[in-house]
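Here's the structure, in structure tokens; my notes come after.
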Amino acid sequence: RIMRCCREDGLILKPDRPITMVDSLIADWAENNGDIQGELYSTQTTINNQTFYIIFASSMRKDYLIYPSMIKAQSGIIWSYENSTDISIFDDTHPLYISSNKCNNSSFCLWHISPLWQFNDVHHTQYAFMGELNKWTSVSRQRINSIDINFDQGQTAITIEGSLGEIT
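Here it is, written out as structure tokens:
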């Protein structure tokens with residue numbers, strides 16, 4: 246399990262900023278006389294003006310809907326760490342539903358959010374970079390050095406780094 250947080254050489258893969266509590270949870274604490282309503286946090290990594298987000302939930306006492314504006318995110322795609330093949334749109338009409346039955350005292354939930362990009366081709370091809378699906382921080386500066394998108398030519402160059410001999 247420990248390798249979910251680091252590269253093969255042991256370097257920890259981390260977001261740009263520490264996780265911070267989502268404001269709506271803080272407001273609920275105040276409304277419930279300081280009674281803890283759960284652990285609901287977000288964080289982010291920005292590479293070349295492209296921002297990737299993480300949402301963490303645990304010990305939830307009630308269900309929540311999280312909209313992009315609540316974590317200062319743009320619209321994009323979202324998926325759970327547990328099931329990276331179940332990808333959804335994340336925007337103002339498609340919020341993240343956080344279930345207190347699933348994200349409870351005995352488990353935690355982790356979601357990743359990536360921006361959705363559109364090339365300037367005739368088909369207006371859309372795509373997203375999801376990073377390392379087997380890591381808790383799927384996109385980090387410790388792995389991804391740059392993301393250069395050429396929307397007109399329909400190309401993206403992603404520069405990565407790792408330890409000697411590491412297969413990424």
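In our numbering, each residue carries its 1-based index in the sequence shown increased by 245.
Positions of the beta carbon are idealized from the N, C-alpha and C atoms, including for glycine.
- Residue range 268-276 is occupied by the alpha helix (DSSP H) that includes GLU276.
- Boundaries of the beta strand (DSSP E) around GLY321: 321-325.
- Around the beta carbon of ALA275, fewer than 16 other beta carbons lie within 10 angstroms, which makes this residue exposed.
- For ILE316 and CYS250, the gap between their C-alpha atoms comes out near 22 Å.
- Contact check for PRO260 and THR382: beta-carbon distance about 6 Å, within the 8 Å limit, so the pair qualifies.
- Taking a contact to require three or more Cβ pairs closer than 8 Å, the region 280-294 and the region 330-338 do not qualify as touching.
- Under the criterion of beta carbons closer than 8 Å, ILE311 and VAL367 do not qualify as touching, at roughly 35 Å.
- Counting only residues of its own chain and dropping the five nearest sequence neighbours on each side, GLN387 has a CB closer than 6 Å to the CB of LEU256, LEU258.
- Of the residues assessed, GLN398 falls on the exposed side of the cut-off, its CB having fewer than 16 other CB atoms within 10 angstroms.
- DSSP places ASN390 inside the beta strand (DSSP E), whose first and last residues are 389-395.
- Of all alpha-carbon atoms in TRP362, GLN363, ALA302, SER408, the one lying nearest the alpha-carbon of SER325 is that of ALA302.
- Nearest in C-alpha terms to GLU377, of all of ILE394, SER359, GLN363, is SER359.
- Straight-line spacing of the CA atoms in TYR309 and PHE396 works out to 36 Å.
- Looking at the DSSP output, GLN289 shares a beta bridge with TYR298.
- Apart from sequence neighbours up to five positions away, the residues of its chain that approach ILE334 with a beta-carbon distance below 7 Å are ILE322, ordered along the chain.
- In the structure shown, ILE403 adopts extended strand secondary structure according to DSSP, grouped into three states.
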